[in-house]
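A.B. asks:
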Amino acid sequence: MPELPEVETVMRTLQPKLIGLKIIAAQILLPKIIRTPDIDEFKEKITGRKILKINRRGKYLLFILNDGLNLLFHLRMTGNLVYCQQDEPLSKYTHLVLALDNSCHLRFADMRQFGRIWLVPASSMNSLSGFKDLGVEPLGAVFTTSYLKKELKRRHVRIKPLLLDQTFIAGLGNIYTDEALHRAKINPERLATTLNPREITRLHHAIRDVLQEGIENRGTTVRDFIDGNGRPGNYQELLRVYNREGKPCRRCGQNILRKKIGGRSSYYCPACQKI
DNA sequence: ATGACGTCCTGCCTGC
DNA sequence: TGCAGGCAGGACGTCA
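All residue numbers for the first sequence refer to the UniProt record's numbering, where the first residue is 1 and numbers rise by one.
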């Protein structure tokens with residue numbers, strides 16, 4: 001599941017390869033993944049465009065093209081974006097191939113077909129549903145302890161589903177949310193309004209630390225994640241709770257539990273993260 | 001404002 | 001061994 005650190009890793013691996021290259025052709029093998037525009041217009045508009053820059057916003061990858069166009073990718077669960085030689089065999093899950101003017105390919109593949117792609121003028125980015133309502137960047141300057149204190153005070157929801165809400169904080173998914181709550185010693189079912197200042201400070205630091213460590217370790221590969229060069233990440237080795245049901249807590253030795261909270265699997269230590 | 005649930009999709013796991 | 005059925009999960013829409 002690509003979350004912020006995985007998307008950041010894809011961006012960092014693609015950036016040195018793609019900047020300055022021109023897209024000379026687009027092959028669309030699964031039309032429904034292109035949200036806008038329709039596939040004929042997509043092909044026409046993207047052909048001849050140059051890749052000027054690659055950015056990340058939340059879990060979105062944002063390609064800045066010339067002529068004021070932006071190409072957006074959301075990898076969702078199993079999507080990947082890989083730079084490779086053009087003679088590399090196509091995987092059966094490849095849905096979009098962008099041919100580049102150096103005889104290489106940028107390929108989008110997604111086993112579960114949940115990933116989505118948009119090609120939009122930079123000027124209309126703020127009308128894209130999902131993208132336009134994204135919350136604060138958790139590694140950015142706006143996301144401070146006092147910001148988190150102020151925001152949590154008026155949210156009458158459990159902390160886990162709130163952290164997963166992309167309009168609240170952009171980029172956290174199931175893995176890093178569970179890891180951050182464990183580090184902060186906060187039970188995922190706690191109501192946001194009941195967290196005390198010390199806990200909020202711990203949570204703020206924990207969120208930034210787990211994301212930063214995730215990036216430093218090139219992302220988490222539980223099953224599918226690969227970076228822009230097709231390589232898995234390393235952070236799965238360092239996870240403390242996620243996907244560790246029944247295994248001992250790395251802090252206290254108690255067995256990690258798994259419980260559905262807000263419809264999502266949540267892993268936590270019942271001793272370190274008391275209600 | 002909040003939450004529950006269905007939808008998308010396919011590989012994997014479980015049970016028979 | 002093989003098959004059927006359930007499950008997981010990010011985002012979004014619908015309904016209560």
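Heads up, the beta-carbon is just placed ideally off N, CA and C, and yes, glycines get one too.
(1) So, for S103: in the same chain, excluding its five sequence neighbours on each side, which residues have a beta-carbon less than 6 Å away from its beta-carbon?
(2) Just to confirm, are L75 and G135 a CB contact at a threshold of 8 Å?
(3) Within 10 Å of its beta-carbon, does D227 have 16 or more other beta-carbons around it, so buried, or fewer, so exposed?
(4) Look up F42 in the DSSP assignment and say whether it is helix, strand or coil.
(5) Between which two residues does the alpha helix (DSSP H) holding N174 run?
(6) Going by Cα to Cα distance, which pick from E189, A206 and D101 is closest to R264?
(7) Should K150 go down as buried or exposed, given a rule of 16 or more other Cβ atoms within 10 Å for buried?
(8) What are the complete beta strand (DSSP E) segments, minimum 3 residues, inside the segment 105-151?
(9) If we count the other Cβ atoms within 10 Å of its Cβ and call it buried at 16 or more, is I51 buried or exposed?
(10) Which parts of the segment 222-252 are runs of the beta strand (DSSP E), unbroken and 3 residues or longer, counting only runs that do not cross its ends?
(11) Grab me the residues of Q254's own chain with a C-beta within less than 8 Å of its C-beta, minus the 5 sequence neighbours each way, in chain order.
(12) Under 8 Å by Cβ, that's how I've got I175 and I117 pegged, so tell me the actual separation to the nearest angstrom.
(13) Are the CB atoms of I8 and L172 nearer to each other than 8 Å?
(14) Going by beta-carbon coordinates alone, are K22 and L96 separated by less than 8 Å?
(15) Touching or not, the segment 150-165 and the segment 182-197, by the rule of three or more beta carbon pairs under 8 Å?
(16) Quick one: Cα of M125 to Cα of C252, how far?
(17) Which residue marks the beginning of the alpha helix (DSSP H) containing R35, and which one marks its end?
(18) What residues in its chain sit with their C-beta under 6 Å from that of G68, if we drop five residues either side in the sequence?
(19) Output needed for Y147: all residues of its chain with C-beta closer than 6 Å, excluding positions within five of it in sequence on either side, in chain order.
(20) Sorted by chain position, which residues of the same chain lie with C-beta nearer than 6 Å to A206's C-beta, five sequence neighbours on each side aside?
(21) Ignore the nearest five residues each way along the sequence and tell me which others in Q15's own chain have a CB closer than 6 Å to its CB.
(22) Starting from T47, trace the beta strand (DSSP E) both ways and give me its first and last residue.
(23) Identify the residues that DSSP records as bridge partners of G79: which are they?
(24) Among Y60, N234, A109 and N66, whose alpha-carbon lies nearest the alpha-carbon of L30?
(25) Answer yes if the segment 223-242 comes into contact with the segment 76-85, meaning at least three C-beta pairs across the two stretches below 8 Å, and no otherwise.
C.D. replies: Working from what's here:
(1) By one-based count along the first sequence, residue 103 stands at place 103. Here S103 has Q86 as same chain residues with Cβ atoms under 6 Å from its own Cβ, once five neighbours each way along the sequence are excluded.
(2) The residue labelled residue 75 in the question sits at position 75 within the first sequence. The residue labelled residue 135 in the question sits at position 135 within the first sequence. Result no, Cβ atoms of L75 and G135 do not sit closer than 8 Å.
(3) Here residue 227 is taken as the residue at index 227 of the first sequence, counted from 1. It is buried - the Cβ of D227 has at least 16 other Cβ atoms within 10 Å.
(4) Translated into the one-based positions of the first sequence, residue 42 becomes position 42. DSSP places F42 in helix when its eight states are reduced to three.
(5) Against the first sequence, residue 174 aligns to sequence position 174. Here the alpha helix (DSSP H) through N174 covers N174 to R183.
(6) Locating residue 264 in the first sequence gives position 264, where the first residue counts as 1. The shortest Cα separation from R264 among E189, A206 and D101 belongs to E189.
(7) Locating residue 150 in the first sequence gives position 150, where the first residue counts as 1. With fewer than 16 other Cβ atoms within 10 Å, it is exposed.
(8) 116-121
(9) Reading the first sequence from its first residue, position 51 is the one you call residue 51. Flag for I51 reads buried.
(10) none
(11) The residue given as residue 254 occupies position 254 in the first sequence. P248, C269, P270, A271 and C272.
(12) Counted from its first residue, the first sequence places residue 175 at position 175. Counted from its first residue, the first sequence places residue 117 at position 117. 24 Å between Cβ atoms; not a contact.
(13) In the first sequence, the residue the question calls residue 8 occupies position 8. In the first sequence, the residue the question calls residue 172 occupies position 172. Checking the sequence, you will find Glu at residue 8 rather than Ile. Taking 8 Å as the Cβ cut-off, E8 and L172 do not qualify as a contacting pair.
(14) Translated into positions along the first sequence, residue 22 becomes position 22. Translated into positions along the first sequence, residue 96 becomes position 96. No, the pair does not count as a contact, with Cβ atoms beyond the cut-off.
(15) Taking 8 Å as the limit for Cβ pairs, the verdict is that the segment 182-197 does touch the segment 150-165.
(16) Residue 125 sits at position 125 when you count from the first residue of the first sequence. Residue 252 sits at position 252 when you count from the first residue of the first sequence. The alpha-carbon atoms of M125 and C252 are separated by roughly 47 Å.
(17) For this step, residue 35 is matched to residue 35 along the first sequence. No alpha helix (DSSP H) contains R35, which is instead part of the beta strand (DSSP E) from I34 to T36.
(18) Start at 1 with the first residue of the first sequence, and residue 68 comes out as number 68. Excluding positions up to five away in sequence, the list reads P121 and A122.
(19) For this step, residue 147 is matched to residue 147 along the first sequence. None.
(20) Stepping through the first sequence from its first residue, residue 206 is reached at position 206. Setting aside the 5 residues that flank it on each side, A206 is surrounded in the same chain by A180, R183 and A184, each with a C-beta closer than 6 Å to its C-beta; the list follows chain order.
(21) Within the first sequence, the letter at position 15 stands for residue 15. Closer than 6 Å at Cβ, skipping near neighbours: I54.
(22) Reading the first sequence from its first residue, position 47 is the one you call residue 47. First-last for T47: undefined, no H or E at that position.
(23) For the purposes of this step, residue 79 is identified with residue 79 of the first sequence, where counting begins at 1. DSSP lists D110 as partners of G79.
(24) Residue numbering aside, residue 30 sits at position 30 when the first sequence is read from its first letter. Looking at the Cα atoms, A109 is the closest of the given residues.
(25) Flag = yes, the segment 76-85 and the segment 223-242 touch.
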